[in-house]
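Per numbering that gives the first Met the number 0, residue 0 is the first one in the sequence shown, and the count goes up by one each step. Contents: one structure, followed by commentary.
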Amino acid sequence: MADPQLPAISTKLLLAELQRRKEDGERPACGSKETGWYDTAAHVFALLLILALSTLACGFPLISRRATTGKRQKTIIFYCQHVGTGVLLATAFVHLLPMAFESLTDPCLPYF
């Protein structure tokens with residue numbers, strides 16, 4: 000079971016950092032940041048690969064259901080669907096969390 004004080008720790012750290020910046024009077028120069036190198040072809044390929052693999056993974060239960068029917072088959076599909084959902088949620092969380100912390104601790108944000 001998760002520690003109920005875990006969200007409070009993150010909030011306390013964020014508020015402490017905002018208070019420190021307010022006391023120090025830190026105000027960096029804000030504006031558009033310099034854009035880095037971006038490989039469009041690699042990103043398009045990755046999107047198409049994800050689309051193809053997702054289509055195959057979503058179609059697997061439909062294809063396998065036509066092939067055989069039985070209690071064991073339904074159990075396997077049930078567990079595969081839930082493991083897939085867990086992997087999808089965990090991946091989204093892991094990739095979005097660092098960006099959220101970076102964005103929310105941006106010194107260009109107004110104090111609240």
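Backbone N, C-alpha and C define an ideal beta-carbon position, used for all residues, glycine too.
So residue 106 and residue 20 are supposed to be a Cβ contact under 8 angstroms. How far apart are they, rounded? Counted from its first residue, the sequence shown places residue 106 at position 107. Counted from its first residue, the sequence shown places residue 20 at position 21. Indeed they touch by this definition, with Cβ atoms about 6 angstroms apart.
Which of the three DSSP states is assigned to residue 0 in this structure? Working through the sequence shown from its first residue, we reach residue 0 at position 1. For residue 0, the predicted model reports a pLDDT of 48, less than 50, meaning its position is unreliable and no value from the coordinates is stated.
Segment contact flag, the segment 55-63 with the segment 75-82, C-beta cutoff 8 angstroms, min 3 pairs: yes
Close-in-space but distant-in-sequence residues of the same chain around residue 83 (CB under 8 angstroms, 5 per side omitted): Here the question's residue 83 lines up with position 84 in the sequence shown. Cβ within range, chain order: 56.
Alpha-carbon spacing of residue 40 relative to residue 52, whole angstroms: Here residue 40 is taken as the residue at index 41 of the sequence shown, counted from 1. Here residue 52 is taken as the residue at index 53 of the sequence shown, counted from 1. Cα to Cα, the separation comes out at about 18 angstroms.
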